[in-house]
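Structure, as structure tokens:
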Amino acid sequence: MNIRDLINRYRTDDRVTQFTKALNTSKNPKIQLKGLVGSADALVALSSYFLLHKPLFFVLPDREEAAYFLSDLESVLDKQVLLFPSSYRKSFDFTQVDTANVLARAEVLNELNHDSEYGKIVVSYPEAIAEKVIDRSALEKNTLEISLGAKLGIDFINEFLIDYDFDRRDFVYEPGQFSIRGGIVDIFSFSSDLPYRIEFFGDEVESIRSFEIESQLSVADVKSLTIVPNVQAKFLTESNISILDYIDKDTQLWFKDVEFTLDIVKAGYKKAVELWKALSLAEKTQNPDWIDPKFAFTDEKLLGDHLQDFPIIEFGKQFFYQTENRFEFETRPQPSFNKDFNLLIHNLKENEKAGIVNFIFTDSPKQIERLYAILEDIDKTAKFTPINSMLREGFVDAQIQTAFYTDHQIFDRYYKYKLKKGYQKSQAITLKDLRELKSGDYVTHIDHGIGKYAGLEKVEVNGKTQEMIRLIYADNDLLYVNINSLNRIAKYSGKDSGVPKMNKLGTDAWDKLKKTTKKKVKDIARDLIKLYALRKTQAGTAFSPDGYLQTELEASFIYEDTPDQLKATQDVKRDMESPHPMDRLVCGDVGFGKTEIAVRAAFKAVAEGKQAAILVPTTILALQHFKTFSSRLKDFPVTVDYINRFKTSKQIKDTLAEAAAGKVDILIGTHRLLSKDVKFKDLGIMIIDEEQKFGVTAKERLKAVRVNVDTLTLTATPIPRTLHFSLMGARDLSIISTPPPNRQPVSTELHVFNDKLIQEAIQFELDRGGQAFFIHNRVNDLMQLGGLIQKLVPKARIGIAHGQLDGDALEDVMLDFINGEKDVLVATTIIEAGLDIPNANTIIINHAHMFGLSDLHQMRGRVGRSNKKAFCYLLSPPLSTLTSEARKRLSAIEEFSDLGSGFNVAMRDLDIRGSGNLLGAEQSGFIAEIGFEMYHKILDEAIQELKEAEFKGLFEHEPNRPFVGFTQVDTDLELYIPDAYITNITERYNLYTELSKLGNETELAVFEKHLADRFGPVPPQVKTMLSVVRLQWLGKKLGFEKISFKKNSLRGYFLSDKQSRYFDSETFTKILTFAQNHPRMCNLKEVKNTLRIAFDNVVTVEEAIQTLELID
């Protein structure tokens, strides 16, 4: 059965038929539906929709309720419901426009302009309907429709877009931009979530396809496209009307609370007028998008008058109109079971006796399985029908004899509405911008060391043009790098982005530095691999598979597991159930659910009579984890305790005695847990949070523990993807890279220090019952700042926290804040790691320019951990006074409002937080000298060499590395991307880099297809370049360190290391045999101590490939 079948129960219900009849027979009736609780309102509304097919417009009290209501509607319908939002980030504040919302509004207007068989359904809220819209005729007049086969011409489109203030760019990333490249036009309309690519054949439109912002690649073909300009800014002063003037007159308006809506509109209009009056003339002139409220908003009187012209259905608790059309429903809320499954079973059986049919809504088949598993363990006779769909709130309607229960309420889980993902400024684009090489940036070349990038340059080679990378070294030495050798170069990034020392060409200093680094890295890696090998031979505890309690604990998690979180949990359990001690590293960003994995692992150990130790780097984190673990495990027979400097010596002594006696199941603490006097009766698992923050002594103690106790390490330090494979030999690794679904992005804004802003931000948070952080990293004037905030927000209860407070005082302040007894916490970065206070959703960071990107990201991660919209304000001096690095960091954090998505890369490229700790030991000295990317390459080589030599037996199942890591190709062929094909130099460089990283024919074919998609037919020079890549791969496969293909002569140079295992390989034997059998075709010869094979009369690159393929 599905949810649509359930709606039919209402379609035949007397109350529904009566009020739909009243809607159908009277002119603009006012109807009231009383007694609808939970999601009953959405189901009843839809039953009327299926009967009458009229357009519906719902107005809920706020955006949050509107989104939940819309989710209910979309669970039933197989069509999209339109959300009509407000254009602004904060209600009626026209100075803070949200581009995604402007797009969504334009999209709704555009949709309402097109007819459909069934009426359209729109969901909105007071702030949104108070905003005026452009009228239909003005919208139609200023909209351009483009269809396949239309004769338009690129010049016409160019003029139209410029007239409507579209911005011409090289590439399109944001609404309001367009680009023209040859016969291709890219456009980002204001009514679309994605931009579109139009390809012309002469003046005729040959194809239209949407494309992805990040990859710039086509997604889907469409037959037509509507281009809508920014109606919000351009036309609102000329032709503004209420949204109620825009919609069809037979639309039914459904209001949760008419009076509340009118009050919000009244207060908002007044607020907007005051804000407009307070602006200076200069501010109004500088911001043409800011519109006088009389053009932008409707007031409550005008709105009230408009409501008379529509049928209105009120379905809340308060009723506004006088009417006889009131219909009573007798629904009651889903009972609160508090995860007591005996209560649930009793209730299901009672319903059954009363003739009520039970339906339970779940959001996944997995939850249905969990329900069945739990109920079967208690009582198999309880009956219910699962529905794989979701409602916001369950209810029982005795009149139609149906119970609609939701699993998220049964399990007390957090349920978040699912909205269509609209336009979001692409973070990958910003990352790309941060990673891009600009002239003057430092780079590291694997063979020559650190130099400066000086752009691309066309160079003549035997009369043929090639594009090369120009690098400058010490004493202004120049090096030109072939585009085939681009993977030898990496942008230099050291710790804290310091200025590196440039190398001089022609000396051995760089080689010596590489050798020294490799030896040190090898020593560290060797110890780790020995420990890994030792663990594989030790007997550990093999835990049993999950029992009923484990299933119940996991089902009670209030959020939905992400796929990565689920996989990491399974990895951990599999390790725990194996006979060898676990040593797994779980890596995931702030707020990605690592703590939940730790809770499950600890509980699994405790369920079998073992103890768990949780090791954390800070006293505050120990307290936070204690609260988290205690809260998650409160319904289970588990004792949780902690030790840190907040506790007295006697308290610690007593706790340790109980742990030694086995009376404490889970003990949480800082490095104090590693002291010799800490004994466990039967330790089953050690969980370490952010191991890289511990000192050397603590790490040495941990090595000893790891050999025979299951160890789980959690870290938010990103591990570059390139290292995942090589680290596998030293640690078992689980990566959580997907953020929790529907976690709202944190709205991040950059400002100069401003009393008014601070006052408004904190007051706004307090008015909605929340708490705020104010971060200032100087202890000496923290009290003064606390005093300033007290003066600005007199009613706020303020706490001050920093690391120099004694244990008791700091604990009191933190506990007061955690327990909601303080409203604002003015603190140093002591709050950075792991603090989780869902009620705190505003953070103000003073002197933000003084922090690294990762610190800012960590601190911002303290807010936005609930279903409330969160705000982060970065205060810094004016951007013009900051260094370019600080500006980049602040711009990046402002744009990275979402969790996750590429933050690993951002951290790696900008801050390299904890970069020296990948192997559990500090190596930042090497990183400063050689750069992060080069350090990775050396680390990778070192681990591979150890695996192939000293630890060959342990890794014999792993395939050997290729004999040659890289084959250099020197040629006099034309190798470049013509300027006429791609004018943007940075894009050409990026494409050369991408090409140098490809590894097989499939990737090369995709690369060529993408070029044609984005820039049109591929020119011959580029096709030659792709063929040279194929030649390079063949050379690598055959074991050539270098290929020279010049003046119709092909030369392959073998490895210079005569001791290499290559010379005993099948590959080399095959080449020798070929040379002996084809003496006229090729010859083998030693030149300057290097063996080479030569072929003459090879004219084209295709012939060169065919020649080498004969050997292969």
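First residue of the sequence shown: 1, per full-length UniProt numbering; consecutive thereafter.
Here a beta-carbon is modelled for each residue, glycine too, at the ideal position from N, C-alpha and C.
- When the alpha-carbon of V1028 is set against those of I789, L1011, L1004, the nearest one is in L1004.
- Burial is judged here by how many other beta carbons sit within 10 angstroms of a residue's own beta carbon; F753 has fewer than 16 and is exposed.
- Counting along the chain, the unbroken beta strand (DSSP E) around V59 starts and ends at 56–59.
- Going by beta carbons, G786 and I800 fall inside the 9 Å limit.
- Per DSSP, P579 lies in no beta strand (DSSP E) segment and is marked neither H nor E.
- The bridge partners DSSP lists for P386 are I360.
- Judged by DSSP secondary structure, Q611 falls within the beta strand (DSSP E) whose first and last residues are 611–615.
- A Cβ-Cβ contact shorter than 9 Å links I472 with K452.
- Around the Cβ of P29, a 10 Å sphere holds 16 or more other Cβ atoms; the residue is buried.
- Contact annotation: I893 and Y873 have beta-carbon atoms that are not nearer than 9 Å.
- Put simply, the backbone Cα of V222 is about 6 Å away from that of R209.
- The C-beta distance from S747 to A870 rounds to 7 Å, short enough to fall under 8 Å.
- With a beta-carbon spacing of about 13 Å, I687 and A568 fall beyond the 8 Å limit used to define contacts.
- If only uninterrupted beta strand (DSSP E) runs of at least 3 residues are considered, those enclosed by the UniProt domain "Helicase C-terminal" (756–911) are 771–775, 798–801, 824–827, 840–845, 871–875.
- The three-state reading of DSSP puts F1054 in strand, counting E and B together.
- Beta bridge pairing from DSSP links I735 with C587.
- Here K822 has Q771, R797, I798, G799, V813, D816 as same chain residues with Cβ atoms under 8 Å from its own Cβ, once five neighbours each way along the sequence are excluded.
- Distance from the CA of K458 to the CA of M468, rounded to the nearest whole angstrom, comes to 6 Å.
- The three-state reading of DSSP puts F178 in strand, counting E and B together.
- Assignment of F1040 by DSSP, reduced to helix, strand and coil, places it in the strand class.
- Between V1101 and N101, the alpha-carbon positions lie close to 53 Å from each other.
- It is roughly 14 Å from the alpha-carbon of L1011 to the alpha-carbon of Y989.
- Between E65 and K317, the CB-CB gap reaches or exceeds 9 Å.
- In this structure I368 does not touch I345 by the C-beta definition: roughly 16 Å separates them, more than the 8 Å allowed.
- The beta carbon of G35 is closer than 8 Å to those of E328, F329, E330, T331 in its chain, skipping five residues each way along the sequence.
- Non-local beta-carbon contacts of L161 in its own chain, meaning distances under 6 Å to residues more than five positions away in sequence, involve F178 in chain order.
- Taking the C-beta atoms as reference points, I3 is found no nearer than 9 Å to V59.
- Note that the C-beta distance between K339 and I410 is below 9 Å.
- For I687, no alpha helix (DSSP H) run applies; the uninterrupted beta strand (DSSP E) run containing it begins and ends at 683–689, by DSSP.
- If only uninterrupted alpha helix (DSSP H) runs of at least 4 residues are considered, those enclosed by the segment 132–214 are 136–141, 154–163.
- Inter-segment contact for the segment 181–201 and the segment 156–173 is present: three or more beta-carbon pairs are separated by less than 8 Å.
- Cβ-Cβ distances below 6 Å link L674 to A698, R701 in the same chain, with the five nearest sequence neighbours on each side left out; the list follows chain order.
- Between the alpha carbons of W510 and G449 lies a gap of roughly 6 Å.
- Around the beta carbon of F156, fewer than 16 other beta carbons lie within 10 angstroms, which makes this residue exposed.
- The three-state secondary structure of T1090, taken from DSSP, is strand.
- Partner residues in the beta bridge of E328, as assigned by DSSP, are K34.
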